[in-house]
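The sequence shown begins at 1 in the numbering used here and counts up one residue at a time.
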Amino acid sequence: AVCLGSKVILLDVEYDEELEYDIVSTVEADPDNDKISVESPVGKSLLGKTVGESVKVKTPNDEIEFKILSISRM
């Protein structure tokens, strides 16, 4: 399951694009380098989820759906 210290590969369902993120603490967060905080909307939605699950993340303008393709430790 996704937790602090996980490296996740996600599929952006709408754009059929793979994204890779490291789930880090708020202090370590660096979105430009694909390090997202566990407190961010994406981070919060992924916590506790497992490979194959989908999550929907609300953004100010839209809702994005991601499918979890892979989870590993950083």
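Don't be surprised by glycine CBs; every beta carbon is placed ideally from N, CA and C.
- The residue among N61, S45 and E63 with its C-alpha nearest the C-alpha of A1 is S45.
- The C-beta of V24 has 16 or more other C-beta atoms within 10 Å across all chains shown, which makes the residue buried.
- CA-CA distance, E39 to Y21, rounds to 14 angstroms.
- Residue range K35 to S37 is occupied by the beta strand (DSSP E) that includes S37.
- DSSP places K49 in the coil class of the three-state scheme, outside both helix and strand.
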